[in-house]
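Each step along the sequence shown adds one to the number in UniProt numbering, with nothing skipped, and position 40 is 40.
Here the structure comes first, spelled out in structure tokens, and everything after it is commentary.
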Amino acid sequence: MNTSMSLKDVAVKETVADIALMAGYMIAKGEIEVGDSRELVSNILVWAEEFMVFHEKTDWDTEDYISCVDRFSEEKLKAAYGRGVSAG
């Protein structure tokens with residue numbers, strides 16, 4: 001079994017984890033409401049890819065990854081699941 005992953009695969013998985021952590025934090029704080037967890041997971045996967053494409057040329061030696069991914073995550077999560085946002 002080959003367990004080696006490309007750097008891109010690792011980066012996407014890291015981004016998925018970071019967005020998921022932000023989602024959990026925002027749910028716990030009551031900032032977002034998620035009715036369908038499978039929809040949330042699907043959205044997180046799409047958003048992680050979107051983040052990676054948008055930041056494809058970003059130099060993470062000069063930009064703070066955590067600040068960028070947190071800001072991106074908050075915006076996406078609030079738009080989709082913010083209190084008062086209707087599902088659908």
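We put the beta carbon where it would ideally sit given N, CA and C, even for glycine.
Would you tell me roughly how many angstroms separate the C-alpha atoms of methionine 5 and threonine 15, rounded to the nearest one? 15 Å
Got a sec? Which residues, its chain only, sit under 7 Å from lysine 47 by beta carbon, not counting five neighbours each side? Reading the sequence as shown, one finds tryptophan at residue 47 and not lysine. Excluding positions up to five away in sequence, the list reads Ile19 and Lys76.
Cα separation between lysine 57 and valine 12? 14 Å
Ends of the alpha helix (DSSP H) at tryptophan 60? Counting along the chain, tryptophan 60 falls outside any alpha helix (DSSP H), and DSSP gives it neither H nor E.
Going by other Cβ atoms of all chains shown within 10 Å of its Cβ, with 16 needed for buried, is isoleucine 66 buried or exposed? With a threshold of 16 other beta carbon atoms within 10 Å, isoleucine 66 falls short and is exposed.
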